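Below: one structure, written as structure tokens.
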Amino acid sequence: MIISNNQVQNLLKIYNKNLSIGKPNAVSGVNGKKVGQDELALSGESRIKQRAFQAARQADDIRQDRVDRLREQISSGTYTVTDDEVAEKMIARAIVDRLI
Numbered sequence: 001m002i003i004s005n006n007q008v009q010n011l012l013k014i015y016n017k018n019l020s021i022g023k024p025n026a027v028s029g030v031n032g033k034k035v036g037q038d039e040l041a042l043s044g045e046s047r048i049k050q051r052a053f054q055a056a057r058q059a060d061d062i063r064q065d066r067v068d069r070l071r072e073q074i075s076s077g078t079y080t081v082t083d084d085e086v087a088e089k090m091i092a093r094a095i096v097d098r099l100i
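In the UniProt record's numbering, the protein residues as written are 1 to 100.
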């Protein structure tokens, strides 16, 4: 799974916006009568983004089996990456960043 910097920044903006939105309190008006309360309705898209952010926070950051395998390959000198693989990853990342 590729997680771009733009995706992370968008999630952080949503998260910070959600933190700043508090539950409004009823305000007393003239003669002590309560004035109506504000309401917040989340769109379907924002709910999906919120669920995605929660899933990303709960996901494991390190796949230890892959780290161990790569560490072993590097120490034994058998780890190689071709120029084509590097170029493909760079182009794919650029495309993902533009789409998001």
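C-beta: ideal position from N, C-alpha, C; glycine also.
Source: prediction; values computed, not measured.
- Query: Can you round the beta-carbon distance between Ile91 and Ser4 to whole angstroms, since I take them to be within the 8 Å contact cut?
  - Reply: Their Cβ separation, rounded to whole angstroms, is 13 Å, which puts Ile91 and Ser4 out of contact at 8 Å.
- Query: For the region 75-82 against the region 44-54, are there 3 or more C-beta pairs whose distance is under 8 Å?
  - Reply: no
- Using the C-alpha atoms, what's the distance from Val86 back to Arg71? 19 Å
- Item | Close beta carbons around Leu11, own chain, < 8 Å, minus the five adjacent residues each side | Lys49, Ala52, Phe53, Ala56
- Where does Leu42 land, buried or exposed, given buried means 16+ other C-beta within 10 angstroms? exposed
- Message: Do Val67 and Ile2 count as a contact pair if the criterion is CB distance below 8 Å?
- Response: no
- Message: For Leu99, report the span of its alpha helix (DSSP H) as first-last.
- Response: Residues 83-99.
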